[in-house]
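Asks:
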Amino acid sequence: MSIARFSPVVTLAVFLNCLLIGTAFAGFGFGGDDLGKSGLDFSKGYDVNTVTTVSGRIVSSPRTDEHEQVFVEVKADGDIISLSLGPKSFWDKKEIPLHPNDDIAAKGSKAQGKDGKTYLLVQKLTNRTTGAQMAVRSERGVAAWSGRNAGGMMFNGPGGGMRGNGGGMMRR
Amino acid sequence: MLKRVLLLSGIGLTLALLWFAVSNYRAATPLAEESLRGVALSISAAVENIAAHDPSLHSLTTLHPKDVAFLALLDKEGTYRFHSNPDLVGTRAEDDRYREALTKGTAIEGRVLLGTGEKAYEFLAPLHLADTTLILRLILHTYRADAVIRRSELNMTIILALLLAGWVMAAMIYRFAVREEMHHLEMARQESLARLGEMGATLAHEIRNPLGGIKGFAQIIGKKPMDTRNSDFAGLIVGEVLRLEQLVASLLAYARSDRPEASLFSLDELISHCVSLMRPELDRLGISVVASCPERFQCHGDRDRLGQVLLNLIQNAIQAMPDGGTLSIAAGAGGKGVSVSVSDTGHGIGKEDRERMFEPFFTTRAKGTGLGLALCKKIVEEHNGTIGVTSSPGRGTTVSVELPGGIRK
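Spelled out as structure tokens, the structure:
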């Protein structure tokens, strides 16, 4: 059998392999969206259903991670939770001092990323050590850096949707 | 046969591994769903138990299973009677999917996208309490349950990558083996040609001198025969000696190992020269000649040896047309540099003969030496050129020679 007869078989095998590898990788989260490794929308995402309050100690200084978002890690009830504090440009303007071992309380929408980490999309942050407070989002989850609700956060109660001004709570 | 068996085995193994990987991948999602359903049913039972003992539902606030994103209980109007976010207690649900569970009376489940961008698992089930029926809305994180899916994806990726690497390596090994085999064949051919050349040179040397004597004496006998019949016999001896001398000359030419002396020469003049040498034979057999070559078209190579190639090809073409025909010689720029083709309208060559026609001593003629085309091939290859033949039995043959570079106009 000559190379000329063998080549189409090899080409077909390589093509099928590439096709299936593409399918396999599609589920790993680096092909379908641009939400980063966590798969969460830190910019506009929020869900009032998962709002909770977290209290604990800061374990690391604020850092800038995916999509230029600022995160700080807090140890609460034995779990490490990454608090999403908004984009770096926003944080640089509104920064309140956060240091390791500071005792803080944060209210926000809790979510688990595709990387297995637990995140809190912070709505309100209180540094109990220094007494400083900061509103990052409205109670409906509208981001302070989005330009809407200029003049302050909205505290007009629950019932809003998520992703800005809502829509459905969830979608299948 | 062995190659075919190996290839089929490889394809079979590949298909088996692909089937394994794909079936493993496809089985992973139902497994994850089953795991999530089990967790949801456990939590559902716990919630039902707490709700049955505490109608105020306050005790549910102590329930914090690890994978729960949120937990809520709705009444038939869609109002949250309990929610893990206390702010939502008393508000109405934004959607009415709960009604489906209420209507069906059984649990419904599926994947949903939360406002945070998280893909979660939703479980809706009616809870039948003593005085009312509530709907449990349970949203679970899927990361731990989906570990089986991620593992199957990883396994499939590894298997596919290994298969790809295996096929690429197999292709490379196959290519290497083919090259090695061709190299060995070429080496063996060169070795046999060298031996043939040595033998030919020795034979030629040993035969040529006696032949000279035989021819001389036969010519003398032919001029002054003792008997009139001897004159004819002497003529036959001289004729056969001349044929043997031609064979010896061909053998010596084939055995030559010195490199060709390359120079620029006019190809159209060489073609005219060769045709003029063969003109008597061409006229005798009624063969017309059609030659086309650009004027002053120059070629780089050993003029004498390439002339010998052209002469041999023309002779072969003439011998293929004993009843007349057309001899076409076309030359010009083409292929790797210079292209020359010699065509006849003779009887053509069969496929089996075509495959062997460049082998030394292969001939289909009773008095042929079998060295003409072998010598042509040797000379062309010494010029780093190629020679090939196309033929249709009954319609004619074309021998094409391509020589690299050296075109000057």
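Protein sequences appear in the order of chains A and B. Using my numbering, the first residue of the first sequence is number 122, and each one after it goes up by one. Using my numbering, the first residue of the second sequence is number 235, and each one after it goes up by one. We put the CB at the ideal spot given by N, CA and C, even for glycine. Everything numeric in this text was worked out from a predicted model, so none of it was measured.
1. Using beta-carbon positions only, say whether Leu372 of chain B and Ala274 of chain B come within less than 9 Å of one another.
2. Could you tell me which residues DSSP puts in a beta bridge with Tyr355 of chain B?
3. Helix, strand or coil, according to DSSP, for Lys457 of chain B in the structure here?
4. Listing by chain order, which chain A residues have their CB less than 7 Å from the CB of Glu414 of chain B?
5. From Gly571 of chain B to Arg629 of chain B, what distance separates their C-alpha atoms?
6. Using the three-state DSSP reduction, which class does Pro320 of chain B fall into: helix, strand or coil?
7. Who are the neighbours of His375 of chain B on chain A, taking C-beta pairs under 8 Å?
8. If we ignore side chains and look at the alpha-carbon of each, how far apart do Ser267 of chain A and Ser203 of chain A end up?
9. What's the call for Ala261 of chain B, buried or exposed, on a 16-neighbour Cβ count within 10 Å?
10. Which same chain residues end up closer than 7 Å to Leu291 of chain B when comparing Cβ atoms and leaving out the 5 residues on each side of it in sequence?
11. With a threshold of 9 Å between beta carbons, is Phe196 of chain B in contact with chain A?
12. Name the DSSP beta bridge partners of Asp628 of chain B, please?
13. Considering only residues of the region 452 to 515 of chain B, which uninterrupted alpha helix (DSSP H) runs meet the minimum length of 4 residues and lie entirely inside it, listed in chain order?
14. Candidates B:Ser510, B:Asp329 and B:Ser506: which alpha carbon is nearest Gly312 of chain B's?
15. Excluding sequence positions up to five away, which residues of its chain have a Cβ less than 8 Å from the Cβ of Pro627 of chain B?
16. Run through chain A and tell me which residues come within less than 9 Å of Glu529 of chain B, C-beta to C-beta.
17. Counting contacts by CB-CB distance shorter than 9 Å, is Gly349 of chain B in contact with chain A?
18. Taking 9 Å as the cut-off, decide whether the C-beta atoms of Lys158 of chain A and Gly234 of chain A are in contact.
19. So, for Val475 of chain B: in the same chain, excluding its five sequence neighbours on each side, which residues have a beta-carbon less than 6 Å away from its beta-carbon?
20. Taking Leu561 of chain B as the query, report the chain A residues whose CB atoms sit under 8 Å from its CB, ordered along the chain.
21. Between Leu394 of chain B and the ligand SAM, is the CB less than 8 Å from at least one heavy atom?
22. Any Cβ of chain A within less than 9 Å of the Cβ of Asp536 of chain B?
23. Using a C-beta to C-beta distance shorter than 8 Å, which residues of chain A count as neighbours of Glu646 of chain B?
24. Around the C-beta of Ile407 of chain B, are 16 or more other C-beta atoms found within 10 angstroms, so that it is buried, or is it exposed?
25. Which residues bound the alpha helix (DSSP H) around Glu586 of chain B?
26. When the Cα atoms are used, what is the spatial distance from Arg333 of chain B to Ala232 of chain A?
27. Sorted by chain position, which residues of the same chain lie with C-beta nearer than 8 Å to Ile548 of chain B's C-beta, five sequence neighbours on each side aside?
28. Please identify the residue among B:Val523, B:Pro594, B:His418 and B:Asp536 whose C-alpha is closest to the C-alpha of Leu486 of chain B.
29. Assuming Tyr332 of chain B is part of the beta strand (DSSP E), what are its boundary residues?
30. What is the rounded straight-line gap between the Cα of Gly199 of chain A and the Cα of Val256 of chain B?
31. Mind listing the chain B neighbours of Leu242 of chain A? Cutoff is C-beta to C-beta under 7 Å, in chain order.
32. Judging by CA-CA distance, which residue of B:Ser634, B:Glu352, B:Thr340 and B:Gly351 is the nearest neighbour of His362 of chain B?
33. Whose C-beta lies closer than 6 Å to the C-beta of Thr171 of chain A among residues of the same chain, with five residues either side of it excluded?
34. Provide the residue span of the beta strand (DSSP E) that contains Ile201 of chain A, from first to last.
35. What runs of the beta strand (DSSP E), each 3 residues or longer, lie entirely inside the region 523 to 598 of chain B?
36. Does the Cβ of Arg530 of chain B have 16 or more other Cβ atoms within 10 Å, making it buried, or fewer, making it exposed?
Replies: The short version:
1. yes
2. B:Arg345 and B:Leu374
3. helix
4. Chain A residues near Glu414 of chain B: none, gap ~13 Å exceeds 7 Å.
5. 28 Å
6. helix
7. Gln233
8. 21 Å
9. exposed
10. Ala285, Leu307, Arg315 and Phe316
11. For chain B, the structure presents residues 235 to 643; residue 196 of chain B sits outside this window and is missing.
12. It should be pointed out that residue 628 of chain B corresponds to Gly in this sequence rather than to Asp. Answer by DSSP bridge pairing: none, since Gly628 of chain B is not bridged.
13. 462 to 489 and 501 to 511
14. B:Asp329
15. His581, Gly582, Ile583 and Gly584
16. In chain order: nothing, as chain A lies at least about 41 Å away.
17. yes
18. yes
19. Leu445, Ile448 and Lys449
20. Ordered by position in chain A, no residue passes the 8 Å Cβ test against Leu561 of chain B, which lies about 35 Å from the chain.
21. Absence of the ligand SAM from the depicted structure is noted, as is the absence of any ligand whatsoever, leaving it without description.
22. no
23. There is simply no residue 646 of chain B to check, as chain B begins at 235 and stops at 643 in what is shown.
24. exposed
25. Lys585 to Arg590
26. 26 Å
27. Cys508, Val509, Met512, Leu561, Ile563 and Val576
28. B:Pro594
29. Here Tyr332 of chain B belongs to no beta strand (DSSP E); instead the alpha helix (DSSP H) covers Tyr332 to Lys338.
30. 39 Å
31. Thr350
32. B:Thr340
33. Ser230 and Lys231
34. Asp200 to Pro208
35. 532 to 535, 559 to 568 and 571 to 578
36. exposed
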